[in-house]
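According to numbering that gives the first Met the number 0, the sequence shown is numbered sequentially starting from 0.
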Amino acid sequence: MSQPETLKTRLAREIALTGPMTVADYVTRCLHDPKGGYYASRPALGEGGDFITAPLISQMFGELIGLWVVETWNRLGAPERFRLVEVGPGDGTLMTDALRAIGGAARLAPGFLEACDLILIEPSGPLRDLQARALAGADLSPRWVRDLTRIETDVPVIVIANEVLDCMPARQFVRTENGWAERRIGVDDQNALIFGLTAITSGFRKPAFDVPPGGVIEISDQQAIFGRDLGSLMKAASGAALLIDYGRARPEAGDTLQALYRHQKVDPLADPGAADLTQWADFPAVLEAAVRTGADVTGCLPQGEFLRRLGVHPRAEALKAARPAAAPVIDRQLHRLTADDQMGALFKAAAIFAPRTLVVPGWDV
């Protein structure tokens with residue numbers, strides 16, 4: 000019986016037939032191809048997988064996000080009906096921790112659970128299964144939709160999007176001695192995938208900042224569309240959305256494409272579909288797209304500062320008091336989430352919200 004054709008073989012054949020592929024198209028295929036894409040076949044999270052996210056580092060992260068949701072709901076006037084939406088919920092850990100904290104705060108927010116319609120945006124079948132198992136005993140039962148455009152706007156909407164933007168790929172443009180060119184993926188004489196430069200045909204906007212020869216800028220249509228859709232949703236539904244991701248808080252150059260396999264950086268062209276591919280979130284582009292819809296936005300806060308404002312240090316002390324033997328582990332988790340040399344500075348938080356509706360928790364100090 001013959002072996003199934005690999006994604007790498009299929010991509011090489013397509014490129015040979017149709018020409019070099021943009022970085023954005025390549026990343027999309029590597030992540031979402033139904034036969035060999037990363038999320039379609041092998042989503043591996045946590046210490047035993049390929050990458051780890053903040054919710055998997057410590058329960059404190061999800062708990063504080065849960066309390067942020069409760070406070071946002073209160074500031075929206077504690078509506079009798081609203082929708083809580085998480086985009087890209089991973090294995091369900093963040094929402095599980097958030098709902099546990101929300102349940103503990105129920106006496107401070109009477110009516111919250113009764114008012115809440117929980118929606119998860121997740122196109123991946125394997126991840127939906129993980130999320131369903133994680134939330135099987137939660138206070139709220141979720142329903143799933145494929146994207147933001149499926150969210151009704153008849154009641155307020157609160158959105159959580161943690162490490163979602165970095166999965167939305169960007170095209171790469173390189174400044175050369177002779178002007179600008181686009182970096183694409185081609186094939187060599189041995190049918191191996193290689194990076195190369197091609198003439199720009201569309202989608203390029205010359206940056207407003209200086210880029211030296213050899214410098215790379217990244218432009219993500221998907222991230223901009225997400226910001227536009229989120230801004231439209233917030234304006235129409237009078238809601239608020241929290242975005243947390245690693246990325247740039249101001250326009251700047253840089254090649255941020257990386258592939259992670261079992262927590263190690265690997266060649267992104269070596270084995271398409273086997274590793275998780277990401278690029279930095281472009282917060283300026285996302286927030287600008289939201290503003291163009293009429294929504295309001297906050298500035299970016301480093302994740303460490305954002306969590307400090309939400310009370311991560313008192314929460315850590317409470318956990319250590321309840322579990323003294325775990326104090327060293329909790330201290331390490333706190334350091335990883337908040338320290339500048341860990342996730343505290345590279346990761347950013349920002350919010351998009353309906354105009355003139357509220358002061359977003361975390362940006363009120």
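By construction, the Cβ of each residue, glycine as well, lies at the ideal position given by its N, Cα and C atoms.
key: Per DSSP, cross-strand counterpart(s) of Asp281   = Arg247
request  = Using 10 angstroms around the beta-carbon of Arg322, count the other beta-carbons present and answer buried if the total reaches 16, otherwise exposed.
outcome  = exposed
task = Identify, in the order they occur along the chain, each residue of the same chain with its Cβ nearer than 8 Å to the Cβ of Phe208, setting aside the five sequence neighbours on each side.
result = Pro250, Glu251, Ala252
inquiry  = Within a Cβ cutoff of 8 Å, which residues of the same chain sit near Arg314, ignoring the five residues on either side of it in sequence?
reply    = Met59, Glu62, Leu63
task = Name the two residues that bound the continuous alpha helix (DSSP H) containing Ile14.
result = Looking at the DSSP string, the run of the alpha helix (DSSP H) that includes Ile14 is 6-17.
ask   = For Ala350, which three-state DSSP category applies?
value = If DSSP states are grouped into helix, strand and coil, Ala350 belongs with the strands.
ask   = Do Ser201 and Thr356 have their CB atoms nearer than 8 Å?
value = no
inquiry  = Could you tell me the alpha carbon to alpha carbon distance between Gly136 and Asp244, rounded to whole angstroms?
reply    = 28 Å
task = Assign Asp49 to buried or exposed, taking buried as 16 or more other Cβ atoms, counted over all protein chains shown, within 10 Å of its Cβ.
result = Its pLDDT being 45, under 50, Asp49 is placed unreliably in this model, and the coordinates cannot settle the point.
request  = Would you list the residues sitting across from Gly178 in a DSSP beta bridge?
outcome  = Note: Gly178 sits in a beta bridge opposite Thr175.
query = Grouping DSSP H, G and I as helix and E and B as strand, with all else coil, what is Phe208?
reply = coil
ask   = What is the residue span of the alpha helix (DSSP H) that Asn73 lies within?
value = Residues 58-74.
ask   = To which residues does DSSP link Phe203 through a beta bridge?
value = None; Phe203 has no bridge partner.
ask   = Can you tell me the Cα-Cα spacing of Leu333 and Asp340, whole angstroms?
value = 12 Å
message = Considering only the alpha carbon of each residue, which of Gln130, Gln221, Leu242 lies closest to Ala169?
response = Gln221
request  = Return the residue from the list Val69, Leu66, Trp279 that minimises the CA-CA distance to Glu162.
outcome  = Checking every option, the nearest Cα to that of Glu162 belongs to Trp279.
ask   = What does a CB cutoff of less than 8 Å around Cys365 pick up in its chain, not counting 5 residues either side in sequence?
value = Only positions 0 to 364 of the chain appear in the structure, and residue 365 is not among them; the question remains open.
task = Give the straight-line distance between the Cα atoms of Arg291 and Gly361, rounded to the nearest whole angstrom.
result = If I take the Cα positions, the gap works out to 23 Å.
request  = List the residues that DSSP assigns as beta-bridge partners of Cys115.
outcome  = Phe81
key: DSSP state of Met342 mapped onto helix, strand, coil   = Met342: coil per DSSP, three-state reduction.
ask   = If you draw a straight line from the C-alpha of Gly343 to the C-alpha of Pro3, how long is it?
value = 43 Å
Closest Cα partner of Thr197 within the set Arg227, Asp228, Gly18 = Ranked by Cα distance from Thr197, the first of Arg227, Asp228, Gly18 is Gly18.
request  = Answer yes if the region 98-111 comes into contact with the region 11-25, meaning at least three C-beta pairs across the two stretches below 8 Å, and no otherwise.
outcome  = no
query = Which residues share a DSSP beta bridge with Tyr260?
reply = Paired residue(s): Gln263.
message = What does the Cβ neighbour count give for Ser140, buried or exposed, with the cut at 16 atoms within 10 Å?
response = exposed
query = Taking the alpha-carbon positions, what's the Ile329 to His262 distance?
reply = 21 Å
Contacting residues, own chain, Cβ-Cβ under 6 Å from Ser123 (five flanking each side not counted) = Tyr38
ask   = So is the beta-carbon of Gly230 under 7 Å away from any non-hydrogen atom of the ligand GDP?
value = Absence of the ligand GDP from the depicted structure is noted, as is the absence of any ligand whatsoever, leaving it without description.
message = Taking the straight line between their C-alpha atoms, what separation do you get for Gly47 and Tyr260?
response = Residue placement at Gly47 cannot be trusted, given a pLDDT of 48 that sits under 50; what the coordinates show is reported in the next sentence. Using only the alpha carbons, I get a separation of about 11 Å.
message = Could you check whether Val173 and Arg183 sit closer than 8 Å to each other, using their CB atoms as the reference points?
response = no
Cross-strand partners of Glu217 (DSSP beta bridge) = Gln171
query = If you drop the 5 nearest sequence neighbours on each side, which residues of the same chain put their C-beta closer than 7 Å to that of Thr255?
reply = Glu217, Gln278, Trp279
Leu286 versus Ala180 - alpha carbon distance = 26 Å
request  = Apply the 10 Å Cβ neighbour rule to Asp146 and answer buried if 16 or more other Cβ atoms are within range, or exposed otherwise.
outcome  = exposed
Residues sharing a beta bridge with Asp295, DSSP = According to DSSP, residue pairing for Asp295 in a beta bridge involves Phe352.
query = Under a three-way DSSP split, which group does Thr92 fall into?
reply = helix
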